[in-house]
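Report on the structure given below.
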Amino acid sequence: MPDTDALPGRELTYRVVAMPADTNAYGDIFGGWLMSQIDIAGSIVAIRRAAGRVATVAVKEFRFLAPVAVGDLISCYAELREIGRTSLTVHVVAEACRQMDAHAEHVVADATLVYVALDSDGRPRPVATAG
Ligand SMILES: CC(C)(COP(=O)(O)OP(=O)(O)OC[C@H]1O[C@@H](n2cnc3c(N)ncnc32)[C@H](O)[C@@H]1OP(=O)(O)O)[C@@H](O)C(=O)NCCC(=O)NCCS
1 MPDTDALPGR ELTYRVVAMP ADTNAYGDIF GGWLMSQIDI AGSIVAIRRA AGRVATVAVK
61 EFRFLAPVAV GDLISCYAEL REIGRTSLTV HVVAEACRQM DAHAEHVVAD ATLVYVALDS
121 DGRPRPVATA G
């Protein structure tokens with residue numbers, strides 16, 4: 001039975017600006033770059049909740065919903081959705097601001113990622129449940 005006690009809700013965990021070095025051969029922001037930012041954002045929540053090392057074990061769904069341009073400020077909002085015995089499922093939504101205009105934020109991608117808490121030998125370790 002998944003532990004859904006005291007799940008904290010969505011939080012801004014990570015912000016980054018898309019730079020020219022993050023573009024593909026056509027000058028568009030590379031999808032893999034955005035995937036990596038979303039993985040980092042989700043892992044911040046998982047590491048905090050697991051109180052230590054985690055690894056990404058699965059990306060259940062990843063959607064690219066709008067293009068990202070060089071200079072966009074990307075804000076990643078992460079929400080812990082489920083805690084298993086050793087796993088943590090996190091949903092991440094990435095929003096972009098053109099020219100850093102915080103009033104013009106729009107969703108560019110979202111994903112559900114599963115992380116596994118690891119011990120110092122890289123083996124799954126139980127995540128302590130709340131209470
Ligand atoms: C993470 C890893 C140690 C887990 O090992 P494993 O033998 O699969 O461990 P288990 O089968 O005990 O699964 C551990 C947990 O992950 C979950 N899990 C495993 N594969 C999953 C998948 N495809 N989707 C969702 N959850 C999954 C299991 O349900 C279990 O959760 P629970 O304990 O909460 O019930 C191993 O798969 C690994 O090292 N993978 C590579 C991780 C990595 O390098 N990530 C970065 C890639 S660049």
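Just so you know, we're using this note's numbering here: the sequence shown kicks off at 1 and counts up by one. We put the CB at the ideal spot given by N, CA and C, even for glycine.
Requested in this report: Anything with a beta carbon under 7 Å from a heavy atom of ligand 1 counts; list them all in chain order.
Outcome: A55, T56, V57, A58, K60, G84, R85, T86, S87, V114, V116, L118, G122, R123, P124
Requested in this report: Quick one: grab the DSSP three-state call for P20.
Outcome: Numbered from 1 along the sequence shown, position 20 holds the residue referred to as residue 20. Correct three-state label for P20: helix.
Query raised in the report: What is the rounded straight-line gap between the Cα of A128 and the Cα of A50?
Result: Locating residue 128 in the sequence shown gives position 128, where the first residue counts as 1. Locating residue 50 in the sequence shown gives position 50, where the first residue counts as 1. Near 7 Å, if we compare the C-alpha coordinates of A50 and A128.
Query - Buried or exposed (CB count within 10 angstroms, at least 16 for buried), Y14 - result: By 1-based counting over the sequence shown, the position of residue 14 is 14. Result: buried.
Query raised in the report: Do you know how far the Cα of G122 is from the Cα of R98?
Result: The sequence position of residue 98 within the sequence shown is 98, counting from 1. The sequence position of residue 122 within the sequence shown is 122, counting from 1. About 40 Å.
Query raised in the report: When the Cβ atoms of the region 41 to 48 are set against those of the region 82 to 99, are three or more pairs found closer than 8 Å?
Result: yes
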